[in-house]
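The structure under discussion appears below in the form of structure tokens.
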Amino acid sequence: MRKTFSLAGLSFGLPFLALSGCGKADDRPNIIFFLVDDFGWADTQVPFGPEVYPTNARHDTPNFVEMASSGAILTNAYACPLSSPTRTSILTGVNSAHTHVTNPLASLRGADTAYDTPDDSPWATVDSLAGGCLDSPRWAVNGVNPAVPGNPDEVEDAFYGTPYARLLRDAGYFTVHIGKAHWATAGTPGSSPYNMGFVVNVAGGVVEFSKCGYRSENNYGNVKDGRAVPFTPHNLTEYYGTGTHMTEALTREALKALDYPIREKIPFYLFLSQYAVHTPIQDDPRFYQKYLDRGMDEGQARFASMVEGVDVSLGEIRAFLREKGIDRNTVLIVMGDNGGNSENKNKGGILHTQNKPLREGKGSCYEGGTRVPMLVEWPGKVAPGTLINTPVICEDLFPTLLHLGGVRNPETVQEVEGQDLYALLTDGSRLASRQSFGDRREAYGFVIPESVSGIDPDRYIVSHYPHAWKPYVLDDIDFLSSIRSGRWKLVYRMRTRDLELYDLSEDIGEERNVAGDHPDIVSRLAGALSDRLRRFEAPMPTVRGTGETVPMPDEVLNGTK
């Protein structure tokens with residue numbers, strides 16, 4: 000839950016403004032991290048799997064396609080099942096099972112957003128002593144408390160960590176935050192991007208965006224009946240009533256914020272964190288009608304227009320870099336913060352199928368909930384049009400962003416668990432570009448060796464969701480934990496104590512449980528997952544009838560609990 004680390008030996012750099020204006024160009028690359036909310040693995044025309052799927056054809060995303068042809072496609076990129084866990088893991092470089100930020104954060108300090116098994120669920124008819132009814136554990140409900148001068152580790156139920164943005168800022172980067180933050184609750188230091196190390200902030204903070212929306216006609220939720228509304232995106236007043244969709248407004252603000260560092264020849268870090276394509280599902284009027292004309296239902300057309308709005312935003316960012324002549328010295332990273340929402344009825348279509356061929360969606364430890372689109376473009380450094388198939392995870396962004404910014408051996412109060420992807424993206428992509436493949440499936444199967452990338456392609460990828468997401472039962476979402484190593488993935492269903500094994504090389508949709516055929520692999524992965532959950536002191540649900548903590552996977556396997 001709450002983590003305490005020693006501050007001994009921690010040093011902090013000078014504030015950014017003291018480092019700027021030195022009068023000479025800095026040859027370190029600019030960095031843009033373009034994060035998209037609730038962005039499904041198959042929401043663009045870029046295929047992230049071994050083949051092109053029908054779901055890839057739903058939305059027009061020519062800018063994603065162009066970026067993919069100019070950069071690298073990371074086909075096995077993982078986020079956490081939900082937003083705040085991913086965002087805080089990126090911020091700290093620590094797995095969410097270890098930060099204990101395992102659920103989306105509320106607005107108010109101390110508020111718990113997790114659900115228990117509802118009393119009227121089918122599981123309530125099962126003897127509660129058997130474990131069917133689970134209660135959510137205590138977790139870090141206040142998010143991340145930043146380790147900054149004068150801010151002690153005194154926020155309850157929070158993870159105390161040094162944020163990467165502060166390290167970049169103190170190294171001389173002009174740090175810009177535009178859009179969604181969702182790192183901490185109101186009244187805590189982590190709720191402000193300024194405290195995390197950003198020099199500029201637009202629309203970031205504690206925002207109840209589902210109640211705000213994308214419409215300028217509604218002032219993005221800021222003013223109602225002439226009165227201010229709390230927990231809304233700020234600093235966008237010039238767009239009120241102009242017909243400017245939120246996605247477009249944030250893009251404009253991002254480009255405006257870059258004028259100063261470009262003019263002063265200061266390297267910049269832009270975190271453009273779009274609220275799209277999160278709920279509410281509201282159409283982007285620039286694109287909505289054409290999807291209706293294609294025969295989509297209203298929900299599908301609204302969502303498709305939102306996706307295309309994000310694509311246009313990406314295109315405008317890339318065009319701006321070319322116009323300013325800085326595209327070749329700018330690293331552009333695009334990623335989703337969790338799988339696409341397949342539980343949202345307002346998106347239209349059939350629930351729990353929107354991320355096909357992947358199973359399930361947002362909130363789940365199955366592939367549809369954690370596997371996300373990821374692209375990286377860096378002309379001259381990252382080989383264009385390449386597939387990088389090594390599994391990576393969101394906490395890897397922390398050391399990678401710092402390496403890109405020239406920050407070596409940073410001092411942090413937390414032990415960083417993410418791995419630096421620099422060599423994988425540069426040397427790894429160049430190695431992949433020199434190979435000759437007969438088709439896409441063959442290219443998808445190419446493994447970049449650890450000797451080149453520094454990353455073990457069979458490394459363990461852990462996802463953990465010890466809660467119920469909604470006030471009703473979602474069997475393929477609630478109370479799940481998983482671990483992947485290479486082609487194999489183990490899913491632990493805490494409610495039933497079942498251990499499922501999938502061979503992702505042949506069954507990307509996780510349809511065939513082969514645990515009975517490979518007991519040795521089940522045993523190895525169950526042990527590895529249990530070791531990590533114990534070391535992380537990970538939150539685990541309790542059995543309602545007994546109050547006992549759910550057993551670890553290896554205890555289930557060995558019959559010790």
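Heads up: the sequence shown at position 111 corresponds to 110 in numbering that gives the first Met the number 0, and the numbers run straight through without jumps.
Just so you know, even glycine gets a beta-carbon here, dropped at the ideal spot from N, CA and C.
Cut-off 7 Å between Cβ atoms - residues of its own chain near residue i, not counting five sequence neighbours on either side
i, result
"Phe-319", "Leu-254"
"Glu-237", "none"
"Gly-22", "Caution is warranted here: a pLDDT of 42 is assigned to Gly-22, below 50, making its placement in the model unreliable, and the coordinate value is therefore given only provisionally. Result list for Gly-22: empty, nothing under 7 Å."
Buried versus exposed call for residue i [16 or more other C-beta atoms within 10 Å across all chains shown]
i, result
"Phe-47", "buried"
"His-58", "buried"
"Gln-288", "exposed"
"Phe-15", "Here Phe-15 scores only 44 on pLDDT, less than 50, and its place in the model is too uncertain to base an answer on."
"Leu-73", "buried"
"Ser-209", "exposed"
"Pro-465", "buried"
"Ile-349", "exposed"
"Pro-540", "buried"
"His-97", "buried"
"Lys-469", "exposed"
"His-244", "buried"
"Lys-179", "buried"
"Glu-216", "exposed"
"Ser-341", "buried"
"His-579", "This structure cannot settle anything about residue 579, because the visible part of the chain is limited to 0 through 560."
"Ile-286", "Checking the displayed sequence, the identity of residue 286 turns out to be Phe instead of Ile. Classification of Phe-286: buried, given that the 10 Å Cβ count is 16 or more."
For residue i, the residue or residues it bridges with in DSSP
i, result
"Ile-72", "Leu-374, Leu-386"
"Asn-29", "Thr-329"
"Ser-462", "Ser-481"
"Glu-499", "Val-490"
"Ile-177", "Val-201, Leu-271"
"Met-334", "Leu-34, Met-373"
"Gly-160", "Pro-145"
"Leu-133", "Val-542"
"Lys-223", "Arg-226"
"Val-93", "Answer is none; Val-93 lacks a bridge partner."
"Thr-548", "Thr-541"
"Val-391", "Ala-76"
"Ala-253", "Its beta-bridge partners do not exist; DSSP assigns none."
N-terminal and C-terminal residue of the beta strand (DSSP E) that residue i is part of
i, result
"Gly-368", "Not the beta strand (DSSP E): Gly-368 falls in the alpha helix (DSSP H), residues 366-369."
"Arg-492", "487-492"
"Leu-269", "267-273"
"Pro-279", "Note, Pro-279: premise wrong, no beta strand (DSSP E); not H, not E."
"Ala-102", "Correcting the residue type first, residue 102 is Asn in the shown sequence and not Ala. Taken as a continuous stretch (DSSP letters only), Asn-102 belongs to no beta strand (DSSP E), as it is neither H nor E."
8 Å Cβ shell around residue i - same chain, five flanking residues per side excluded
i, result
"Ala-382", "Ala-71, Ser-428, Arg-429, Ala-431, Ser-432"
"Thr-369", "Tyr-77, Ala-78, Cys-79, Pro-80, Asn-337, Gly-338, Ser-363, Ser-462, Ser-481"
"Asn-141", "Leu-104, Arg-108, Gly-109, Val-154, Glu-155, Asp-156, Ala-157, Ala-183, Thr-184, Thr-187, Gly-189"
"Met-305", "Tyr-213, Thr-246, Ala-275, Val-276, Ile-280, Gln-281, Asp-282, Asp-283"
"Arg-533", "Met-551"
Same chain, Cβ closer than 6 Å to residue i, neighbours up to 5 away in sequence not counted
i, result
"Gly-20", "Low local confidence applies: a pLDDT of 42 at Gly-20 is under 50, so the model's placement there is unreliable, and no value is given."
"Lys-355", "Thr-54"
"Pro-145", "Pro-162, Pro-188, Gly-189, Asn-194, Met-195"
"Val-205", "Ser-106, Ala-185, Ser-190, Phe-230"
"Tyr-459", "Ile-482, Ser-484, Ala-527"
"Ser-68", "Gly-384"
"Leu-396", "Ile-89"
"Thr-411", "Thr-161"
Limits of the unbroken alpha helix (DSSP H) element including residue i
i, result
"Tyr-443", "439-443"
"Tyr-259", "258-262"
"Ile-507", "Where Ile-507 is concerned, there is no enclosing alpha helix (DSSP H), given that its DSSP letter is neither H nor E."
"Pro-284", "No alpha helix (DSSP H) contains Pro-284, which DSSP labels as neither H nor E."
"Asn-557", "552-557"
"Tyr-163", "163-169"
"His-402", "396-403"
"Leu-524", "518-534"
"Ile-316", "297-323"
"Val-446", "Val-446 -> no alpha helix (DSSP H), and no H or E assigned at all."
"Arg-429", "428-432"
Heavy atom of the ligand GDP within 6 Å of residue i beta-carbon
i, result
"Gly-178", "Absence of the ligand GDP from the depicted structure is noted, as is the absence of any ligand whatsoever, leaving it without description."
- Message: Check whether the stretch 99-112 and the stretch 71-88 are in contact - that is, three or more C-beta pairs closer than 8 Å.
- Response: yes
- Query: Is the stretch 167-180 touching the stretch 261-271 in the sense that three or more CB pairs, one from each, lie closer than 8 Å?
  - Reply: yes
- Message: Below 8 Å, how does it come out for the stretch 245-263 and the stretch 220-228: are there three or more Cβ pairs, yes or no?
- Response: no
- Any contact of the stretch 445-458 with the stretch 414-429, i.e. 3+ C-beta pairs under 8 Å? yes
- Count the CB pairs spanning the stretch 311-318 and the stretch 59-66 that are closer than 8 Å, and state whether there are at least three. yes
- Query: Are three or more beta carbon pairs between the stretch 489-503 and the stretch 512-526 nearer than 8 Å?
  - Reply: yes
- Task: Check whether the stretch 319-336 touches the stretch 30-44, taking contact to mean three or more Cβ pairs, one atom from each stretch, closer than 8 Å.
- Result: yes
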